[in-house]
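Undergrad:
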Amino acid sequence: MKPRNLFLQLRRGLSFLLLLAVSLYSAATLSQESDVSVPFDIFGKTMGPIAYKVSVAHHPDSVSPTELQERVSAVLDNVNQLMSTYQPDSDVSRFNRSSSTEFQPVDPQTAAVVARAIEISKLTDGAFDITVGPAVDLWDFGPKNANFEVPTLQQTDAIKNTIGYRYLDVKLEPPAIRKHVGAVSIDLSAIAKGYAVDQVAAALDELGCKNFLVEVGGEVFTRGQRFSGGKWRIGVERPNDSAVSLSNIAEISNQAMATSGDYRNFHEIDGRRYSHTIDPQTCRPVNHTLASACVISEDCMTADALATAIMVMGRARGQQLCNELGADCLLVERESDFGEQLTEYTSSTFPLLEKAKSSQSPTIVQQILPVFIGAAVIFGLVIVSMSVGAIFAKKPITGSCGGLANQTNEDGETTCGICSKPTTDCIEKDR
Ligand code: ADP
Ligand code: MG
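Basically our numbering = 1-based index in the sequence shown + 20.
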């Protein structure tokens with residue numbers, strides 16, 4: 021074979037390999053991301069009026085919305101059945117009715133939640149305390165709903181000796197709880213929702229779902245990414261009495277977020293706000309200007325309990341606790357009980373949408389773009405080098421037999437001024 025033909029063959033081979041490499045890379049990038057599963061949401065109510073939502077972005081083909089809906093409601097019903105103070109036969113209600121100071125057997129799940137609650141009480145110096153039940157009832161935030169009247173000092177003093185997490189013991193093996201004083205009762209309202217979220221997330225993990233969001237009454241857990249790519253975006257409620265509005269958006273993945281506030285459940289008497297968060301020290305609703313606490317944690321049970329604890333601790337101690345635990349938080353203070361002026365405090369690494377933009381995972385378009393840019397640059401370089409040869413070195417542009425070089429006018433002259441003359445092989449081929 022002539023050296024020139026060898027060169028042409030080589031050039032064709034290289035172009036083919038280049039095209040093949042670009043196509044294979046693009047196909048590989050696309051197939052990594054593309055998923056045949058169709059995203060879907062399921063909604064429902066649990067624990068009475070509490071709304072829940074599960075958004076599934078990617079799931080195995082075997083998982084259907086109907087099957088998932090059944091699984092999720094079974095998990096939530098089970099938590100409610102064990103831990104609600106509104107269910108007369110729940111572990112919690114049975115324990116509260118009993119005045120026995122012996123260990124009482126409970127479901128392993130109830131024991132696990134009580135054990136974590138006691139750990140968080142210790143972490144928060146007693147600000148979080150599930151024995152606040154009698155105070156919750158006295159202040160009319162529990163199931164024994166009555167016409168609210170501000171309790172007297174004697175009434176709050178009378179229940180003080182029944183409130184304190186130190187009056188509780190828990191055993192995991194066999195699962196059981198006990199109280200040191202017969203009148204002690206427990207209220208898991210500030211931790212059970214978060215636990216329920218974690219349980220639903222565990223069920224979705226077990227089913228092989230890779231990317232999803234679980235939300236129960238504002239407490240959230242996120243796994244993986246949104247369907248369109250990037251971390252999940254969660255609106256943080258603004259402490260606003262007239263309507264629910266979102267003030268900030270946080271971006272999280274494989275983390276939980278919970279918010280507690282004084283704006284959804286409170287009594288208003290003589291211009292004073294009595295919130296449903298009880299300070300276990302005073303057995304009274306908390307009395308400071310922290311309007312809401314939003315906490316991000318690895319699991320939702322912890323985030324839920326910490327958010328309530330911070331509502332008890334107030335802004336300064338709450339921020340300090342988050343610093344010590346390395347948990348991100350967004351705290352909102354209001355100037356007075358019903359003041360409109362709100363001030364926000366965020367931990368330095370709180371993933372607000374603006375701050376989090378650079379940490380987003382790239383979308384499919386963002387991933388393919390470099391391939392196209394790379395290919396365009398290579399083709400551009402080839403065209404420029406051909407132009408340089410043609411313009412400055414007056415080298416004719418060589419081409420295949422069917423290219424510009426082979427175009428002739430009616431007189432048989434080539435029409436391209438800067439093209440090479442058709443090779444003898446081409447002329448012979450055309451005959
Ligand atoms: P939400 O239910 O709006 O998410 P929380 O998670 O803060 O709010 O839970 C508030 C409930 O927790 C109250 O209604 C009460 O039953 C209970 N509770 C109140 N104060 C405390 C406290 N200091 N520690 C533990 N639980 C509390
Ligand atoms: Mg909570």
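Even glycine gets a Cβ: it sits at the ideal position worked out from N, Cα and C.
Computed from a predicted structure; not experimentally measured.
If the criterion is Cβ atoms closer than 8 Å, does the pair aspartate 149 and isoleucine 197 meet it?
TA: Taking 8 Å as the Cβ cut-off, aspartate 149 and isoleucine 197 do not qualify as a contacting pair.
Undergrad: In terms of DSSP beta bridges, what is glutamine 124 paired with?
TA: Per DSSP, Ile197.
Undergrad: What do you reckon, is the C-beta of alanine 278 under 7 Å from a heavy atom of ligand 2?
TA: Result yes, Cβ under 7 Å from ligand 2.
Undergrad: Compute the distance between the beta-carbons of tyrosine 72 and glutamate 257, then report whether it is under 8 Å.
TA: Result no, Cβ atoms of tyrosine 72 and glutamate 257 do not sit closer than 8 Å.
Undergrad: If you draw a straight line from the C-alpha of proline 85 to the C-alpha of leucine 96, how long is it?
TA: Roughly 16 Å between the two C-alpha positions.
Undergrad: Mind checking who phenylalanine 60 pairs with in its DSSP beta bridge?
TA: Bridge partners of phenylalanine 60: Val76.
Undergrad: Can you tell which of Val99, Gly244, Ala203, Ile179 has the C-alpha that lies nearest to the C-alpha of serine 120?
TA: When only C-alpha atoms are compared, the closest one is Ala203.
Undergrad: Going residue by residue through the region 308 to 351, where are the continuous alpha helix (DSSP H) segments of at least 4 residues, counting only ones entirely within it?
TA: With a minimum length of 4 residues, the continuous alpha helix (DSSP H) runs that stay inside the region 308 to 351 are 320 to 333, 335 to 345.
Undergrad: Residue range of the beta strand (DSSP E) that lysine 191 falls in?
TA: Unbroken beta strand (DSSP E) run through lysine 191: 188 to 192.
Undergrad: Just the Cα atoms here: how many angstroms apart are alanine 311 and aspartate 299?
TA: Straight-line Cα distance between these residues: approximately 15 Å.
Undergrad: Which two residues bound the contiguous beta strand (DSSP E) that contains valine 483?
TA: Only positions 21 to 451 of the chain appear in this structure, which leaves residue 483 out of reach.
Undergrad: Do you know offhand how far isoleucine 393's Cα is from aspartate 81's?
TA: Spanning the two alpha carbons is a distance of roughly 35 Å.
Undergrad: With a CB to CB cut of under 8 Å and the five nearest residues on each side skipped, what residues in its chain are close to glutamine 275?
TA: Phe241, Thr242, Ile316, Ser317, Glu318.
Undergrad: Quick check on aspartate 282: buried or exposed, where buried means 16 or more other Cβ atoms within 10 Å of its Cβ?
TA: So aspartate 282 ends up on the buried side.
Undergrad: Taking only heavy atoms of ligand 2 into account, decide whether any of them is closer than 7 Å to the Cβ of alanine 71.
TA: Flag unset: Cβ of alanine 71 not near ligand 2.
Undergrad: Are the beta-carbon atoms of alanine 347 and methionine 331 separated by less than 8 Å?
TA: Not closer than 8 Å, so no.
Undergrad: If you compare alpha carbons, which of Thr369, Leu345, Pro371 is closest to threonine 144?
TA: Selected option, being the one with the closest Cα: Leu345.
Undergrad: Would you identify the three-state DSSP class for methionine 277, choosing helix, strand or coil?
TA: Here methionine 277 sits in strand by DSSP.
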